[in-house]
Amino acid sequence: MTITYVLMQNLKRNPLRSTLTAVAFALPMGIFVAAISMVVALIRISESNQQELRLATHHKTTIINMLPEGHRMKIEGLDPDRKRIRAVCGMRWYGGRVPNSQTVIQSLAADADTFPIVYTDAGMTPADTEAWMKDRTACVVGYGIAEQRKWKVGDRITLDSSVPPYLKLDFNVVKIMRTESRANVMYFRRDYLVESLKSAGVEGGLCNIFWIKCADVPSMRSLQDDIDSSFANSPNETKSEDELAFAAGFIQGMGNLPGLMQAMAIVVVVIIAMVAGNTMMMSFRERSKELAVFKAIGFPSRRIFGIVLGESIFLAMFGAMIGIVPTVILLISFPLRQFGFLPIASLEVSPMAVGLSVAIALLVGVAAGLWPAYQALKLNTVSALRRA
Amino acid sequence: MSSADIEIKKLKKVYYKDKMEIPVLAGLDLSISAGEFVALMGPSGSGKSTLLHLIGGLDTATAGSVRVGESLLETMSEAQLTSWRSRHVGFIFQMYHLVPVLTAAQNVELPLLLFKMKSSERKERVKTALTIVGLGDRMDHRPNQLSGGQEQRVAIARAIVTDPDVILADEPTGDLDAKTSEEILNLLNLLNEEFGKTILMVTHDPKAAAHAKKTVHLEKGQLEREEFSNRQPMAAAR
Chain A
96 MTITYVLMQN LKRNPLRSTL TAVAFALPMG IFVAAISMVV ALIRISESNQ QELRLATHHK
156 TTIINMLPEG HRMKIEGLDP DRKRIRAVCG MRWYGGRVPN SQTVIQSLAA DADTFPIVYT
216 DAGMTPADTE AWMKDRTACV VGYGIAEQRK WKVGDRITLD SSVPPYLKLD FNVVKIMRTE
276 SRANVMYFRR DYLVESLKSA GVEGGLCNIF WIKCADVPSM RSLQDDIDSS FANSPNETKS
336 EDELAFAAGF IQGMGNLPGL MQAMAIVVVV IIAMVAGNTM MMSFRERSKE LAVFKAIGFP
396 SRRIFGIVLG ESIFLAMFGA MIGIVPTVIL LISFPLRQFG FLPIASLEVS PMAVGLSVAI
456 ALLVGVAAGL WPAYQALKLN TVSALRRA
Chain B
27 MSSADIEIKK LKKVYYKDKM EIPVLAGLDL SISAGEFVAL MGPSGSGKST LLHLIGGLDT
87 ATAGSVRVGE SLLETMSEAQ LTSWRSRHVG FIFQMYHLVP VLTAAQNVEL PLLLFKMKSS
147 ERKERVKTAL TIVGLGDRMD HRPNQLSGGQ EQRVAIARAI VTDPDVILAD EPTGDLDAKT
207 SEEILNLLNL LNEEFGKTIL MVTHDPKAAA HAKKTVHLEK GQLEREEFSN RQPMAAAR
């Protein structure tokens, strides 16, 4: 038998309480790891997209405000020699849903002629491009959606738009995109959407965003200013940013996720510290006579301190582990493509998130156990024995 | 087997409560020979338990001196007292105070965790101690699987497993029925007579005190009188 064994056995004294405390650690820690990993993955994808030298131009106020499709020509006009701009691709949100489903597929209408140039990471071969250009109803689908919906090249699919005027459109799948960054997105031809919108009596020539494929990084930097300056003081002022900044802004637009993560981490630490602290204090009070006996039979005070603090740390770490390990397994085993809106098909669990969670658990374990451990250290043996 | 005499001189202990002075021991002088079994009696508040705590190094005296064997307790720091206690004193409490989540053997093993000792030696010592108290066949039982008397036996095994010089028992039969009390007292007699342990036992029960060789009566923190028993040693009685 060792002191560690005694410490572990003490936690079995009230199994329900120990379990509930461990679960109180487990749940927030699991959520924390998942959330941080997601943010890290989004940033990772954004960083890899940055190599694509794409500039995003959207309405200065918000991406929901649409820009006239004429902006494309004006942007192209800024570089008539095509030294800085390779191609400009206008896009409009469609937000398609499989009939009778509430899950919105991240689906966008893109300019047919420039999409294969701007989105080289879509991996369009000449044959794919030919198929895309030949069929007005052509669509390219990320592998995440395709696997989930069991779609394959050649399939005819129908989607209902989730935004007014709620158009129902038929599509022909011509390509499954195999890159992670395109895993959960679907593109189809904007001319098809414009035509359909006009048929429904709705203005079709509007875009949410223009993606500009640039020649190089200096071109991106200069174009960013040039584009926004050219539309300054117009009814449709623009904001241009690189893909990383756009993604960061998009994430923040979803509710300042990184900031929310930080706030959540602090709240989690404080709440579970209080829960665990309360548990440890109750445990100490219940056992004060027993700890007095430990002192009476010769256990030094610092060892008693270690036992009480050790229990708290063990409980915190155990709770964190039963939260983190299943979360990690779940995230690895079950791709996130089922949450269709996210541009992440599979999620690499961030070692930083795991490390941070373990550190938080350790910190909380120490914080929660420190006061009871100090009380144990200062426990007056005679008084405690007399209370018996 | 080890044993120690106890020498108490002009021992004073004053407690303070709400700035009020509460004298408990008022210049007590007492000598206990090595290998003696002494019962401490007296009314509540007479200082019996306080004396036990002072002899066991759990508390420090306001004045006076306590010598146990070669050790002068008033000269020792708290850490030294703790270490000394682990080697020289065995405590037995009225409510046993066993760790409920540990088995009888593990409870007895607890004090040995403080010593650098091989696991096999620890196990051997635990087995011996539990066999002495008659619980060699209950080693793997948890406290809730034992009767009160058996729990107290485990507590006694825990007190003797380190082979202390002195055993201090604070009303060890206070929570037991008459028959079980008799068994526990006989066990203490065995430890005293067969193993030569110096035993100091606080009790309110004259029948329990009759098992001791000497009974010390305290009154208001001072020695009122000492009585010597004419009790036959267990071996002779057998």
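Read top to bottom, the protein sequences are chains A and B.
For the first sequence, the residue numbers in this note's numbering are 96 to 483.
For the second sequence, the residue numbers in this note's numbering are 27 to 264.
We put the CB at the ideal spot given by N, CA and C, even for glycine.
Note that the structure is a prediction, hence the values are computed from the model and not measured.
- Apart from sequence neighbours up to five positions away, the residues of its chain that approach A462 (chain A) with a beta-carbon distance below 6 Å are A368, ordered along the chain.
- Taking C-alpha positions only, R149 (chain A) is separated from L115 (chain A) by approximately 50 Å.
- Following the DSSP letters along the chain, one finds P49 (chain B) inside the beta strand (DSSP E) bounded by residues 46-58.
- Residue state for Q201 (chain A) is assigned as coil, using DSSP reduced to three classes.
- In the three-state reduction of the DSSP assignment, S103 (chain B) falls in the coil class, being assigned neither a helical nor a strand state.
- For S112 (chain B), the C-beta contacts it makes with chain A under 7 Å involve I392, G393, in order along the chain.
- Burial of L162 (chain A) is indicated by the presence of at least 16 other C-beta atoms within 10 angstroms of its C-beta.
- Comparing alpha-carbon positions, the option among B:H114, B:T188, B:A65 lying closest to P198 (chain B) turns out to be B:A65.
- Taking 8 Å as the upper bound on Cβ-Cβ separation, chain A lies near residues P126, V127, L128, Q132, E135, L136, P137 of the stretch 126-137 of chain B.
- Note that the stretch 386-394 of chain A touches the stretch 110-120 of chain B; at least 3 beta-carbon pairs, one per stretch, sit closer than 8 Å.
- Per DSSP, the continuous alpha helix (DSSP H) segment holding D286 (chain A) begins and ends at 285-294.
- In this structure, DSSP gives V192 (chain B) an extended state, which the three-state scheme calls strand.
- The beta carbon of N109 (chain A) sits closer than 6 Å to no other beta carbon from its chain once the five residues preceding and following it are set aside.
- For M315 (chain A), the CB contacts under 7 Å within the same chain, skipping 5 residues up- and downstream, are L148, L150, C309, D337 in chain order.
- By the neighbour-count criterion, in which 16 or more other beta carbons inside 10 Å mark a residue as buried, L138 (chain B) falls on the buried side.
- Of the residues A:G239, A:D321, A:L457, A:T253, the one whose Cα lies closest to the Cα of S276 (chain A) is A:G239.
- Interface residue (Cβ-Cβ distance to chain B less than 8 Å): Q104 (chain A) is classified as such.
- Distance between V242 (chain B) and L51 (chain B), taken at the CA atoms: about 14 Å.
- Under DSSP, V40 (chain B) takes part in a beta bridge, and its partners are B:P49.
- Listed in chain order, the alpha helix (DSSP H) elements of length 4 or more contained wholly in the stretch 71-101 of chain B are 74-81.
- When DSSP states are grouped into helix, strand and coil, N267 (chain A) belongs to the strand group.
- Beyond the five residues adjoining it in sequence on each side, I402 (chain A) comes within less than 6 Å, by CB distance, of L102 in the same chain, given in chain order.
- For T152 (chain A), the enclosing beta strand (DSSP E) starts and ends at 149-154.
- DSSP, reduced to helix, strand and coil, places A368 (chain A) within a helical segment of the structure shown.
- Considering only beta carbons, no part of the stretch 222-235 of chain B lies closer than 9 Å to chain A.
- With a cutoff of 8 Å on beta-carbon distance, I225 (chain B) and L217 (chain B) are scored as near each other.
- The Cβ atoms of K35 (chain B) and L244 (chain B) lie no closer than 8 Å to each other.
- With fewer than 16 other Cβ atoms from the protein chains shown falling within 10 Å of its own Cβ, R380 (chain A) counts as exposed.
- Under the three-state reduction of DSSP output, L262 (chain A) falls in the coil class, being neither helix nor strand.
- Considering only B:T157, B:K39, B:A204, B:S112, the residue with the shortest C-alpha distance to G174 (chain B) is B:A204.
- With fewer than 16 other CB atoms across the displayed protein chains lying within 10 angstroms of its CB, E252 (chain B) is exposed.
- Between T154 (chain B) and chain A, the shortest Cβ-Cβ separation is not below 8 Å.
- Inclusion of F120 (chain A) and A411 (chain A) in the CB contact set at 8 Å is warranted, their separation being smaller than that value.
- Of all residues in the stretch 53-86 of chain B, only S75, T76, H79, G82, L84, D85 place a beta-carbon less than 9 Å from a beta-carbon of chain A.
- At least 8 Å separates the CB of T88 (chain B) from every CB of chain A.
- Near chain B, meaning a CB-to-CB distance below 7 Å, the residues of the stretch 366-384 of chain A are K384.
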